[in-house]
Every structure is written in C-alpha cells, then in structure tokens.
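Trainee: Provided herewith is a single structure, encoded as structure tokens, for subsequent inquiry.
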Amino acid sequence: MDLISPWILTAIIFLPLVGAVALLLFANNAAPKRLRMAALMWSVATFLLTLWAFGLQSGGAADAHGFALTNGAGFRWLGGGDGIAGAIDIRYHVGVDGVSMWLLLLTAFLTPLAIWASFTSVTNRVKEYYALMLLLETGMLGVFCSLDLLLFYVFFEFTLVPLFFLIGIWGGPERARAANKFFIFTVAGSVLTFAGVLYIAYFQYAHGDTGTFTLSIPVLTDFASQGGFPLDVQKWLFIALAAGFAIKVPLFPVHTWLPLAHTEAPTAGSVILAGVLLKLGTYGFCRLSLPILPEGTMAWAPFMSVLAICGVIYGALAAWVQDDVKKLVAYSSVSHMGFCMLGLFSLKMAGVTGGVLYMLNHGLSTAALFLVVGMIYERYHTRDINKIGGLAKQMPWMAFFLIVFTLSSIGLPGLNGFLGEFLVLLGTATSSQASDGFTAGPLGFGYAVAAATGIVLGAVYMLWMCRRVLFGPLTEPPHTPDTSAGLTQDLTGREIGILAPIALMCVLIGVYPKPLIESLQGGIAGNILAARMVDAGDGYAGADDADADIVVVDAVPAVPIEPVEDAVNETVITLDAASAAISEGGPGVSGGGHGS
Amino acid sequence: MDLSACIGALLPEFILLVGACVVLLAGATPPARADQGPSLTGPLALITVLVALGVTILSATPAESSLVPGLLISPLTGYVRLGGLFIGLLLVLCNLHVPVARERAEYFSMILFSLLGLLLTASANDLLVLFFAIELVSVPTYVLISLSREDRRASESAIKYFFLGAFAAGMMLYGFSFLYGSLGGHTTMIDSPHGPALSTATAALGAGSALATIGLLLALAGVFFKMAAVPFHVYAPDVYEGAASPITGLLGFLPKFAGFVAAAKLLAVFHWDAERLQVVYWVIWIAAALTMTIGNAVALLQSNVKRILAYSSIAHSGYMMIGLLVGPAIAGEGGPMRDGIAAMLFYMVVYGAMNLGAFAVLSAIARRSEPVEDLRDLEGLSVRQPMLSLALAICVFSLMGFPPTAGLLGKVYIFSSAFSVGAGHPFATPLIVLAVIGVLNSAVGAAYYLRIIATCYNKTPSETEDTTPIGGTALRWGLAACTIAVLILFLWPGMLTRNARPAAVAVSATQVETLAQK
Chain A
299 MDLISPWILT AIIFLPLVGA VALLLFANNA APKRLRMAAL MWSVATFLLT
349 LWAFGLQSGG AADAHGFALT NGAGFRWLGG GDGIAGAIDI RYHVGVDGVS
399 MWLLLLTAFL TPLAIWASFT SVTNRVKEYY ALMLLLETGM LGVFCSLDLL
449 LFYVFFEFTL VPLFFLIGIW GGPERARAAN KFFIFTVAGS VLTFAGVLYI
499 AYFQYAHGDT GTFTLSIPVL TDFASQGGFP LDVQKWLFIA LAAGFAIKVP
549 LFPVHTWLPL AHTEAPTAGS VILAGVLLKL GTYGFCRLSL PILPEGTMAW
599 APFMSVLAIC GVIYGALAAW VQDDVKKLVA YSSVSHMGFC MLGLFSLKMA
649 GVTGGVLYML NHGLSTAALF LVVGMIYERY HTRDINKIGG LAKQMPWMAF
699 FLIVFTLSSI GLPGLNGFLG EFLVLLGTAT SSQASDGFTA GPLGFGYAVA
749 AATGIVLGAV YMLWMCRRVL FGPLTEPPHT PDTSAGLTQD LTGREIGILA
799 PIALMCVLIG VYPKPLIESL QGGIAGNILA ARMVDAGDGY AGADDADADI
849 VVVDAVPAVP IEPVEDAVNE TVITLDAASA AISEGGPGVS GGGHGS
Chain B
-6 MDLSACIGAL LPEFILLVGA CVVLLAGATP PARADQGPSL TGPLALITVL
44 VALGVTILSA TPAESSLVPG LLISPLTGYV RLGGLFIGLL LVLCNLHVPV
94 ARERAEYFSM ILFSLLGLLL TASANDLLVL FFAIELVSVP TYVLISLSRE
144 DRRASESAIK YFFLGAFAAG MMLYGFSFLY GSLGGHTTMI DSPHGPALST
194 ATAALGAGSA LATIGLLLAL AGVFFKMAAV PFHVYAPDVY EGAASPITGL
244 LGFLPKFAGF VAAAKLLAVF HWDAERLQVV YWVIWIAAAL TMTIGNAVAL
294 LQSNVKRILA YSSIAHSGYM MIGLLVGPAI AGEGGPMRDG IAAMLFYMVV
344 YGAMNLGAFA VLSAIARRSE PVEDLRDLEG LSVRQPMLSL ALAICVFSLM
394 GFPPTAGLLG KVYIFSSAFS VGAGHPFATP LIVLAVIGVL NSAVGAAYYL
444 RIIATCYNKT PSETEDTTPI GGTALRWGLA ACTIAVLILF LWPGMLTRNA
494 RPAAVAVSAT QVETLAQK
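For the record, the sequence lines run as chains A and B.
The working numbering numbers the first residue of the first sequence as 299 and each following residue consecutively.
The working numbering numbers the first residue of the second sequence as -6 and each following residue consecutively.
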C-alpha cells in the first residue's frame, strides 16, 4: 500500500505514454488488427489501474490539503537558489481529491471506448492514430492529477498537440481549417493563462510567507484562503486564467471553434473532445479560479454567468436549426457546458456539485451521442438529418441507445443528466442566500429562470432530432447502408459493447448517485469552496472585515453537506414532480431552503 | 602573469584557436588525388569542439579572475563556453555535408573562429577586446554564407550582410569612442586590478551624462544588429534566405548570443541603473516590443519556410530582450526567478538548439534536388519522412513554446523574470506590460509555427513530385541531437540554469570588491 499509493498516479499518467511509444516501435507493416488491439489493451490496463487508484483513494487517507495518493511533496522539477530567499520550487507533484478522481475515472473510462470505436473507421496511418490517442490520454490524465500549476499548464497545453493531429490527419474534408482554428483559439487564450500563472507565483513569493517561488496548488490555495491576494489583483488574475479556460469550455462568445472542430474530427476525436477535453476548462475554473481567486471569482461571477446563460440559450437555438446531426450535438455541448459553468459560478455547494456532476454526465451522454452519430455515419456516409430517417426499423439497437442518451442528455429524471441539471438550478436559484454552511453566492433566482429555458429548448431540439432520424418513413441515401467495413445493418456486438457500459453508467448515476455525490462534495468542500465556508476556521469570509461584499448570514446549519443530499435523495424519489418543477424553476428554491 | 596559467585559464579558447589553425592548414596541403576520399577537416573541427567542450565540462566553473589583461574570466565565460560549445558541436555536425570538397578547410575553420569569437566575447573586459571578439564572431560568418552554397543568392546575402555588418561595427566603435571620451579615457569595462575602469566612472556619474548615454545607445545599436533587433533587423530575412540552411542555423545563434552577452556587459558597465538610464531603457523597451511584434506579424505573411524562421528569429530576439531589460538579480532584489539575464542565457541556448534543429531538417530534404525552402515543399512530409517530420515538429513546437519542450521553460523563465521585478524597480510596470506583449506575441507566433506543422502533417502530399532525403549521417545525428536536447532540457533544465545563475551574477557589476587580486 505504502509502496503503491505514491506511485500509482504517476503510473496511470505515463502508462499510456509508454504505450504510445511502444506502438510507434511496431514495424511499419504491422497488421492494423494487432496495433488496435494493443492500443485497446493498453488503455484498458490504464482504466483498471485507475479503478485500483479509485479504491485506494476512497479507502485511503488524504493529506492535510485533502489530496490523496500524492507522491509526497513531489519531485523538484525547476529549482535553483536553494537556501536563499526566492528559491525556485516548482515540482512534479500529483494527487487527487474527490473531484479529480471522478474526472480521472471518466477519462480512463472513455478512452478505451473511443479507441474501440475507431476499429473500423480508421484505416490509414493506424499506428500513429492509436499512438496519438494514447498520448492524448496521458495529457488529460495529467491535468486532473497535477498539484502544481506549471505541471497543470504543461499537461493542459499538451493535450492540444495530439488532438490537433487527430483532427488534422483523420478528420473530415475541412479538417485542416478545423484543426488550425481549434489550435489557434485555444492557444490564444491559454497564453494569458500562462501569464496569469506566472504572476500568481510571483505574487505568492513576494507577499506570502513561503519565501519560495512555488506554484504548488495546495500552497497557493492556503495563501488565498488567508486573504493573500487583494481584490484588484484577483480580478485581473481571474480574467487572465479565465481567458484560457473559457475558450476551452467553451463559453459563449468564444465557442466558435467547437462546432467546426467537432464536425471535422473523427468520431473518437469528438468523443474525447466532448467527453473530457471541454472539462479541462471547467476543471480549471474548479481547481484554480474558485479556490485561489475566490473574491475575483465572486466579482466576475455575474458576468460569467450571463455569458454562460447566453451560451445555454444560443447553443440550444443554434442546435435546433442544424441539419448536420453531429453539429447539432456539438451545439448542444455549448448549451450544456453553459449550464455547467452556471453551476460552478453559483459558488454554492449545490451548484458546484451540480456543475461537477454535469461535467461527468455531459462527458458520458455527449460522448455516447457522438459515438452513435459516428456509427450512423459509418453506415450511411452522411450526417444530414434530411437524408436519413426512420432508422428505428432498420437499427433497433441503435435506436434504443440513441433514445437512452438523448433522454440522459435532456435530463430525464432517473437518468444521470437530470441530477446535474437540478442541482445546478438549485444552486443558482439559492445562490444569493447564505445557506448550507456557505456564504452567499453571486447569482440568484433570475439566473435560474433564464437558464431553465435552455432545458425546454434542449428537450425540443434533441427529441426533434430523434424523431427525424429514428421515426417516420425510412429514408436512406442510395447504396447504403454500407457494410463493407465488417459492419452489419444494425449495431455489431462490438458497437453494443461500446455503448452499453456508458448507458449502464447513465442509469447507475441516475438511480443511485449518493456515493458519487458524497465523494464529490468531499472534494468540493475541502479544496474548491473552502474559502466560502462560513466555518472555515480563520478563513476568509468571517475573519476578513475588509471584504464588504461577502454577507455572512447567521443562520448556519450545523452540518453543511447534509441538506443538499436530502434534496438530492428526495428529488430522485419524486422524479416526475421535480421534472415539471424544474422548467418553472420555482420549487428549486424551496428545495434549497431545506437546511435553513 | 605567466603563460601557462594564462593558457590554463583560457584552455577551451586555445583549443579552438589551435584547432581552427590546424584545420585551415590541413586544407592548404592538397590531398594526393583531388576530390578523392573523405576530407579530414570536418572530423578535425568536430574533434576540436568536442575536446574544448570536454575540457569545459570537466573543469570547474571558472571563478572571477582577471589574470589576463583585457579579459575577465567569470562564471559567464563558463556558461557561454558550455552553451556555445554544445551548440557549436551541433553546428559542426549539421554543417559537415555542406561545403564542396575544395573549400572544406576554410569552411570549418571559419566556424571554429566564429565560435572562438563568441567565447572571447563572454570574457572581454575591455571595449577594444569586446569589439574584436564580436567582429571575430561576425567576419567568419560573411565568409561562411558565401561558401555555404553555390548560388548567386548566397553571394548576394553575404555582401549584404557584410556591408550592413560593417556599418553596425562602425556605429559600435563610434559609441565606444563616446564612452571612452566621456568617462575618463578608460577602455576597461568592469573594475580590475589592471587599472581604473568605466564602471567606476559611471558609478560616480551624475544624473545622466548625455555623452555617455549617446555612447551607450550607439554601442547598443551595433549590438542590436547582431541580435537582429528592430530597427536593425531588415537584413535578417534576406540573409537567412540566401544562406544554406545549416549556416542560417548558425547565424541565428552565434552573432545573436554574442550580441546579447555584449549588451549585458555594456549595461553592467552602467550598473543596470534603470533610473539613470531611463532613456536607454525606454529605447530597449520600445525596440523589444517592436522586435517581437514586427517579427511575429511579418512572419505570418511569409510562405518561404526560411523567411518564416528568419522572422521568428527576430521575434525570439524580442523575447530575450525582455530578459536583458530585467537584468540580473542582485542580492536582496528578489529570487532567482527575477534573474532576467539567467533567463536570457537559458533561452539563448535552447533557442540555438531548436532553431538549428528546424533549419537542419530543411537542409535534410531535397525537392527537385534543391534543399526545401517553400512551405509547399513540406506538404505531406510526415508520410514521406516520418522521422524528419517528427524532428521538425518537435523543434517548431519548442519555438512555439509548447510542452514538452524546453522552449516552454525558456518562456517561463523570461516572462516570470519580468513579472518578478517587484514594485521597487523603477521599471516594474513597463516590464510587466512588455511581458504581456510578449505573451500575446507568442500566441501570434503559434499561428505561423502551426502552419509549418500543419503543412507537414495535415496536407496530403502531391503525387507528382517527390522529396528525397539529402545530407549525410552526421546531419541526421546533429538534428537528432538538437531535438533530443530540446526534450531533455525540458525535463532537466537544471543542467543549464545551474550555470546560468552564477553567470548572471557575473554581469551584475557588484563584484568590484570581491574580484580576486591575483
């Protein structure tokens, strides 16, 4: 145990990298079958290792900062000037908490499925393709494990490289443009994140008491919770960090790269992009903006939330008018990620839990939708909604899965999507009140109402798409379905094997979310919202009288986490009542009032 | 002063000098049969650099010593020897295939002389020695450009470079004469036992002597030319395009490195006094901002890969000028991250490797039996030459400042040095603004670097014309070494930063008292 715990995350991060190198060492004329089996086995091994880490994390003890499975204090990476003031102390430091563990699981879960889904669709340059998929996995896993800001940035940026090639080489007809746009957009934002990161390190060194130039996330979080960053500095830094993260999410006005990238990417690229990569942006907000810049986040939250709501509605409207099924799902991503952002910026336990849950749910259901769309495309070579129709008769299995994931995506109670949506709206609506042991957040009822319209629209366009594709008279392009690549008319066993685990997870999370929520809330209370907790010791909210904008309300429930859980459990039981309630946004408030 | 101690202190320089002469002489005795058999001169040059590098690595970092009049051996010398000779080794490797048989001796001895000039620049402590050292870097490059390929464009760019270089040298000398005249008639730069120096005079100087400022500005103008900094950058694209690619890699490193070291030395004479040197600091600030912005903006418009890399070279000078402007971290003024000179020195060596790597790949592929130049020639390179394409991608990602390459760490050091100057520094706010300009510029840079990579990977090769690999095994080794260096330095930057820190202290001009009185 002691031998394994400090190393298991490192092993998880770099196992796919080793796999990628091993794949590249295969002979040039190696059979594609062997290559893809090797890649699949390798990613499955990574997943199993991640499951093991999950077991260790949920059973094991966390360090003082709430991170488990850390490699001690990490290894020195950039150093210099030991023993004098301002020594550089930037480390390879990894660890997970309740939030990052689940995202780690999501990544390790989706990658093998994405690889498996590429078996028939990728026929050229097979070796490089799977090597890049594994490289991409290393980058994503690294982001979720990093406890050092520079390390985080390194992995965050590195994910661009493999995906750039995946889109650019194996994408659709406009792949070159899509890959470039995706890359340039993301880089343009992330250089500002880079500047922000460096300034954070300097500021901590100059004003903190460590006396070192460190980028350790726990150290910076501590520094921030002691009110280390003045408000004006936080406001600037928030914008700098948000520039990179918002483009990655993508937030409303800077989302334009996403539909193009999704449409042109190969299926597996879309799956990973929607499933995990967009979450790097929201995870950045969770891990960095919220805990390190709590007041800056508070100050900008209304602005960010308005953008998020614009994204929710705009994304939904844009999705509605798409003829391309893949583009429709892509725009639905814009809409859904807006929801996720809204939850995070409610700065309340319910909302942030909802936001993180939304990340996981969106990762499952949208990734699955892209998979289904990819499977249709492989058979019909079109994604035009006008050229295909009535496929339910031809492909009953596909129809089954498409409907399951559509329902999950639009938030049908009993499936995973509902819970995230509900918690986000709950958190948003009750954000302005100080409750659940947290100080008042920046949002309010109006935000929830505005966002709730997105849910209605979401149901409209998704169901409309289902109706057109699945029901009505059978419409097929000529000479299709194309089963030349070893496919059958309906889904093959392999394809069912890909979709079934995701569907299972959707149902599981929808029916019994308690362990997931508890684990998430542990991480959120410990590392993300710590600065907002009323009883956070010498923390920032109560002690600092300088922060006039933080209202501390005296009605504080004794146990901070309990009420949200109650609300969750209750909603799971009273499914239909709640679903009707949500579109009005009303009862959410009374649900949140539970605690007080 | 005895000769053996002198040679001991300057052993790598002497090895280079002897090696350069031997290589030159080896060419003077024609081989028994003309153009037959492998020439010895290339391997000789390689061995010379290797031995010099070995001696540098094995001997301890030199302490401050002004044993030799006119020279100040310091940790800076040690760093430049280490970095310069390491990149020099790669340069020789990448150039082994370039010259035609009868010009090999001249070619390699010129590379060695140019390297020698760089090493001497690092220890020069006298205006005249500094001038000679810098010209020793530049003069061989004029020859190298014209020898590098049998093309009219090479001669044209050699002549262009020569005339403009002579003009720049004249400006530098003119500036030196002002410094000499206005600061009490000394040529020694930093105090040494051999006599009074300029730095003593500047310490006593009042709130800015106009003549000294003019002198410094003129001298810096000459140095800017070596760095290819705006407004003395106009030659770079033409000259880089005209020369053969491996020599272009050399042009982007040796004169630039010498220029930055010389600039640091000149500013050290004035004690890095941002308050008194406000005019000079603003001039450098504006030049840096323009250098980055013009370099990156114009590179976007190019379609010739060598011109793209030439403009990128200008842009990188701009980034390094941020480090120059931040200056060395003096004790009590902030931690090692604040050290702009250490950052600049680290960046320079990393830049040398990644830039040379990119140019080396260009010289390793031919289309229509000519080394590739146009962006279109690279289409589909990843299919035809996967390894070369990978090397190019890694080097270009490094130029872009992307993980997992040392280019990212170079940017980390440079930009955080500017953020870390601290509010007490009179130039703190402009420096932070400059760093933000730099960061935004690196996003612009990403756009054109990406074009190179996208052309290699995302374009399907046209079937009609084929690219063929050219150049020898040595070139392959050289560019592999550049690529691996870029990756290794990302994982273990300490190999360089460990030495860069003391080197920066050596130009902080505070060691007047601690100077060894030998």
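We put the beta carbon where it would ideally sit given N, CA and C, even for glycine.
For A/Phe527, tell me which candidate among A/Leu464, A/Ala504, A/Arg389, A/Leu449 has the shortest Cα-Cα distance.
Mentor: A/Ala504
Trainee: With a threshold of 8 Å between beta-carbons, can B/Arg377 be considered close to chain A, or not?
Mentor: Contact of B/Arg377 with chain A is not assigned, every C-beta pair being separated by 8 Å or more.
Trainee: With A/Leu588 and A/Ile826 assumed to form a contact (beta carbons below 8 Å), what rounded beta-carbon distance in angstroms separates them?
Mentor: 5 Å
Trainee: Where DSSP assigns a beta bridge to A/Phe720, which residues make up the other side?
Mentor: The partner list for A/Phe720 (beta bridge, DSSP) is empty, contrary to what the question assumes.
Trainee: Name the chain A residues whose beta carbon is nearer than 8 Å to that of B/Lys452?
Mentor: Ala474
Trainee: With a cut-off of 8 Å, does the C-beta of A/Val319 fall near any C-beta of chain B?
Mentor: no
Trainee: How many angstroms separate the CA atom of B/Leu86 from the CA atom of B/Ile8?
Mentor: Across the structure, B/Leu86 and B/Ile8 are spaced so that their CA atoms are roughly 18 Å apart.
Trainee: Measure from the C-beta of B/Val223 to each C-beta in chain A and report whether the shortest distance is under 8 Å.
Mentor: With 8 Å as the cut-off, B/Val223 does not count as an interface residue toward chain A.
Trainee: Are the beta-carbon atoms belonging to B/Ala45 and B/Ile104 less than 8 Å from one another?
Mentor: no
Trainee: Should A/Val870 go down as buried or exposed, given a rule of 16 or more other Cβ atoms within 10 Å for buried?
Mentor: For A/Val870, the predicted model reports a pLDDT of 43, less than 50, meaning its position is unreliable; a value from the coordinates is still stated below. By the 10 Å Cβ count, A/Val870 comes out buried.
Trainee: By DSSP, does B/Gly513 sit in helix, in strand, or in coil?
Mentor: In this structure chain B extends from -6 to 511, so residue 513 of chain B is not present and cannot be described.
Trainee: Look at the alpha carbon of B/Phe250 and the alpha carbon of B/Met220, and state the distance between them as a whole number of angstroms.
Mentor: Each residue's alpha carbon lies about 8 Å from the other.
Trainee: Whose Cβ in chain B lies nearer than 7 Å to the Cβ of A/Ala499?
Mentor: Ser409
Trainee: Taking 8 Å as the threshold (C-beta atoms), are B/Glu128 and B/Ala94 in contact?
Mentor: no
Trainee: Between A/Val809, A/Leu700, A/Val722, which has its C-alpha nearest A/Arg766's C-alpha?
Mentor: A/Leu700
Trainee: Starting from the beta carbon of A/Ile467, find every residue of chain B whose beta carbon is closer than 7 Å, and list them in chain order.
Mentor: Tyr450, Asn451
Trainee: Please confirm if A/Leu376 has its CB atom under 8 Å from at least one CB of chain B.
Mentor: yes
Trainee: Thinking C-beta only, is A/Thr561 closer than 8 Å to A/Lys479?
Mentor: Contact flag unset, no.
Trainee: Can you list, in chain order, the residues of its chain with a C-beta nearer than 7 Å to that of A/Leu713? Leave out the 5 residues immediately preceding and following it.
Mentor: Leu705, Ser706, Cys804, Val805, Gly808
Trainee: Note down, in chain order, each residue of its chain lying with its Cβ closer than 7 Å to the Cβ of B/Pro239, except the 5 sequence neighbours on either side.
Mentor: Cys87, Asn88, Val91, Phe352, Ala353, Ser356
Trainee: Run through DSSP, which three-state label would A/Gly744 get?
Mentor: helix
Trainee: On the three-state DSSP scale, how would you describe A/Phe736?
Mentor: strand
Trainee: With 8 Å set as the bound, which would you pick, yes or no: does the beta-carbon of A/Glu455 sit closer than that to a beta-carbon of chain B?
Mentor: yes
Trainee: Check for me: the beta strand (DSSP E) holding A/Leu376 runs from which residue to which?
Mentor: 373 to 378
Trainee: Should A/Arg389 go down as buried or exposed, given a rule of 16 or more other Cβ atoms within 10 Å for buried?
Mentor: buried
Trainee: Ignore the nearest five residues each way along the sequence and tell me which others in B/Gly316's own chain have a CB closer than 7 Å to its CB.
Mentor: Gly333, Ile334, Ala336, Met337, Tyr340, Ile407, Ser410
Trainee: I want to see whether chain B comes within less than 8 Å of A/Ala477, judged by CB atoms only; does it?
Mentor: Judged by the 8 Å Cβ criterion, A/Ala477 is in contact with chain B.
Trainee: Using a 10 Å radius around the Cβ and a threshold of 16 neighbouring Cβ atoms, would you call A/Met339 buried or exposed?
Mentor: exposed
Trainee: Are the segment 641 to 661 of chain A and the segment 738 to 746 of chain A touching by the rule of at least three beta carbon pairs closer than 8 Å?
Mentor: yes
Trainee: Along the segment 340 to 359 of chain A, where does the CB come closer than 9 Å to a CB of chain B? Name the residues.
Mentor: none
Trainee: State buried or exposed for A/Thr781, treating a residue as buried only when at least 16 other CB atoms are found within 10 Å of its CB.
Mentor: exposed
Trainee: Below 8 Å on the Cβ atoms is my guess for B/His264 versus B/Ala196; work out the distance and round it to an integer in Å.
Mentor: Indeed they touch by this definition, with Cβ atoms about 6 Å apart.
Trainee: Could you list the residues in the segment 502 to 536 of chain A with a C-beta less than 7 Å from some C-beta on chain B, going in chain order?
Mentor: For the segment 502 to 536 of chain A, the beta-carbon criterion of a distance under 7 Å to any beta-carbon of chain B is satisfied by Tyr503, Ala504, Phe511.
Trainee: Grouping DSSP H, G and I as helix and E and B as strand, with all else coil, what is B/Val91?
Mentor: Reduced to three states, the DSSP call for B/Val91 is coil.
Trainee: Alpha carbon to alpha carbon, what distance is there between A/Ala486 and A/Phe501?
Mentor: 24 Å
Trainee: Starting from the C-beta of B/Leu209, find all residues in its chain whose C-beta is less than 6 Å away, skip the five residues before and the five after it, and write them out in chain order.
Mentor: Val273
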